[in-house]
Amino acid sequence: MSSDGDRGGTLLFFPAALLVMVVLAAVTVDFARLHLAQRQVDDLAAATANDAVTVGLDVDGLRSGADYRLDPGRVRALTATRADRAELPAVVSTRLTGARSVAVTVSAPVPLGFSRAIPGARRRVIVRSEATATAHLR
């Protein structure tokens, strides 16, 4: 048995422990949002690079007997379409790194929902991904 002076001591720790648990849960939710956004940006970069080396084919050049090469205009049009259809407000940039290869960079701001309540924490984080693709002829 405890003396009357120790009664209710645990009751004082409960609000502090609850606050710590709520803050940890909020940080966990924000990290999950960041992880999801990073995966979406990675997927968008990879899909755009893959599509750019196929859809970006210079059809007229190939029909005239030239080797497989990319049409910069078609690649830019595909990039704009992909950026418009992205689930995030992403910035997609593409650059040709060769006649058959392309590099795609995607960046997107991710707003943090719960971290705003923590003093000094950032309100948003920029996630970035880069992918390259090269067309190989068989």
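For the sequence shown, position 87 matches number 86 in numbering that gives the first Met the number 0, and the numbering has no gaps at all. Glycine included, every Cβ here is placed at the ideal spot set by N, Cα and C.
Taking C-beta separations shorter than 8 Å and ignoring five residues to either side along the sequence, the partners of E129 in its chain run A44, A102, V103, T104, V105, following chain order.
Close CB contacts of R94 within its chain, under the 6 Å cut and outside five residues either way in sequence, are with A102 (chain order). Under the three-state reduction of DSSP output, A130 falls in the strand class.
Following the DSSP letters along the chain, one finds R38 inside the alpha helix (DSSP H) bounded by residues 8-54.
T9 counts as exposed, since fewer than 16 other beta carbons sit within 10 angstroms of its beta carbon.
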